[in-house]
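Engineer:
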Amino acid sequence: RPMLIIGGISNAEIAHLQEARGSYAKTQLAFHWLSEFIIREHLSGSLGDVHAAIISRLVQFLSDGMLYYNHARKIMYIPFPFPHAQLSAFFYDHY
Numbered sequence: 078r079p080m081l082i083i084g085g086i087s088n089a090e091i092a093h094l095q096e097a098r099g100s101y102a103k104t105q106l107a108f109h110w111l112s113e114f115i116i117r118e119h120l121s122g123s124l125g126d127v128h129a130a131i132i133s134r135l136v137q138f139l140s141d142g143m144l145y146y147n148h149a150r151k152i153m154y155i156p157f158p159f160p161h162a163q164l165s166a167f168f169y170d171h172y
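With the working numbering applied, the sequence shown covers 78 to 172.
(1) Have a look at W110 and P160 and give me their C-alpha separation to the nearest angstrom.
(2) Measure the alpha-carbon distance for S100 versus L94 and round it to whole angstroms.
(3) Cα separation between G122 and G84?
(4) Of all the options P156, P79, I115 and P158, which has the alpha carbon lying nearest to the alpha carbon of F138?
(5) What number of angstroms, rounded off, separates the C-alpha of V136 from the C-alpha of F157?
(6) Taking the CB atoms as reference points, tell me whether L106 and A97 lie closer together than 8 Å.
Shown next as structure tokens:
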């Protein structure tokens with residue numbers, strides 16, 4: 078089931094997401110769109126009287142989220158060494 082997006086998604090955004098190859102590229106693209114949106118809205122003043130430190134913290138949280146996403150990707154895609162797994166299972170069973 079597709080996730081609902083507030084304000085919808087434009088045809089140009091759909092085209093960009095379809096051009097992005099793989100889930101990593103799509104995630105990076107969404108990250109850039111979101112961080113750019115926050116900064117652009119802050120600079121235009123549409124977020125109200127929000128201090129720059131709070132905007133900086135928002136962007137930092139987004140960046141931390143991407144960092145943890147990349148850590149999870151590394152864990153998922155780098156295979157655990159087979160000999161290490163076999164020795165671990167052997168010593169777990171016998172000791």
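Using N, Cα and C, we set each Cβ at its ideal position, and we do this for glycine too.
Structural biologist: Quick answer:
(1) 43 Å
(2) 10 Å
(3) 20 Å
(4) I115
(5) 33 Å
(6) yes
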